[in-house]
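Comments concern the structure below.
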Amino acid sequence: MQKLRKDNSLKLFTLILISILLTLICIPSSQFRASVANSFVYPLMSPRISSSYGLRKHPVLKVKKHHSGLDLAAPSGAPIRAISDGVVVFADPFGAYGNFVVIEHGNGLTSHYGHCETISVKQKQKVSAGEIIATVGKTGRVTGPHLHLEIRSHGTPQDPENYIPYLRASAEG
Numbered sequence: 287m288q289k290l291r292k293d294n295s296l297k298l299f300t301l302i303l304i305s306i307l308l309t310l311i312c313i314p315s316s317q318f319r320a321s322v323a324n325s326f327v328y329p330l331m332s333p334r335i336s337s338s339y340g341l342r343k344h345p346v347l348k349v350k351k352h353h354s355g356l357d358l359a360a361p362s363g364a365p366i367r368a369i370s371d372g373v374v375v376f377a378d379p380f381g382a383y384g385n386f387v388v389i390e391h392g393n394g395l396t397s398h399y400g401h402c403e404t405i406s407v408k409q410k411q412k413v414s415a416g417e418i419i420a421t422v423g424k425t426g427r428v429t430g431p432h433l434h435l436e437i438r439s440h441g442t443p444q445d446p447e448n449y450i451p452y453l454r455a456s457a458e459g
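Residues in the sequence shown are numbered consecutively from 287, following my numbering.
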């Protein structure tokens with residue numbers, strides 16, 4: 287009787303484990319991105335995309351280069367909000383990005399905010415989604431005021447529109 291109980295427990299455990307693994311394997315990446323996206327907020331009150339993610343002619347250098355984020359046009363001084371909860375890992379000037387903020391959100395995901403006029407957070411500070419972290423500016427290599435927004439997964443740039451749904455529709459309408 288004891289052996290039968292042990293065998294049944296092992297079979298039940300194996301069945302549960304297989305079910306969990308199948309669920310994880312079968313979730314399409316688009317559904318994962320959608321569930322992740324539900325936890326993100328817009329970084330600006332009225333975003334307008336002035337330059338998309340991907341290959342483009344650089345507006346200052348005049349050569350084709352990969353653009354690793356989105357440029358969101360806004361007036362200087364407009365508040366920039368953290369797109370999700372996290373910890374500030376960088377908040378200082380950084381070359382062509384000008385005044386620059388990086389927030390770690392966990393699981394290798396970071397958000398990057400470039401060309402800020404002012405920075406209102408400090409390194410190691412915890413921030414909440416929607417909290418004001420900086421203001422829009424034109425620091426670094428730019429042609430005018432805007433927010434350069436990047437999202438990276440384990441250091442690799444991602445298209446922010448995959449994480450913040452309807453950003454384009456909201457920005458255009």
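Even for Gly, the Cβ is constructed at its ideal location relative to N, Cα and C.
Please read all numbers here as calculations on a predicted model, not as lab measurements.
Going by DSSP, what residues sit across from residue i in a beta bridge?
i, result
"T421", "P365 and T404"
"T442", "S439"
"T396", "E390 and R438"
"K412", "V373"
"L433", "L358"
"R427", "Beta-bridge pairing links R427 to no other residue."
"I335", "L358"
Can you tell me whether residue i is buried or exposed, with buried defined as 16 or more other CB within 10 angstroms of its CB?
i, result
"L356", "buried"
"P361", "exposed"
"G400", "buried"
"I311", "Below a pLDDT of 50, predicted positions are generally treated as unreliable, and I311, at 42, falls in that range; the measurement from the model is reported next regardless. With fewer than 16 Cβ atoms within 10 Å of its Cβ, I311 is classed as exposed."
Nearest to residue i by CA position, among the options, is which residue?
i, options, result
"G372", "K410, A360 and V349", "K410"
"Y339", "S406, S362, K350 and A364", "K350"
"F380", "S336, S370, H398 and G416", "H398"
"F262", "A382, F326, I389 and V413", "With the chain covering only 287 through 459, there is no way to say anything about residue 262."
"G384", "T404, N393 and H391", "T404"
**Asked** Are the segment 431-438 and the segment 347-366 touching by the rule of at least three beta carbon pairs closer than 8 Å?
**Response** yes
**Request:** State whether the segment 415-431 contacts the segment 440-451, with contact taken as three or more CB pairs (one from each stretch) at a distance under 8 Å.
**Result:** no
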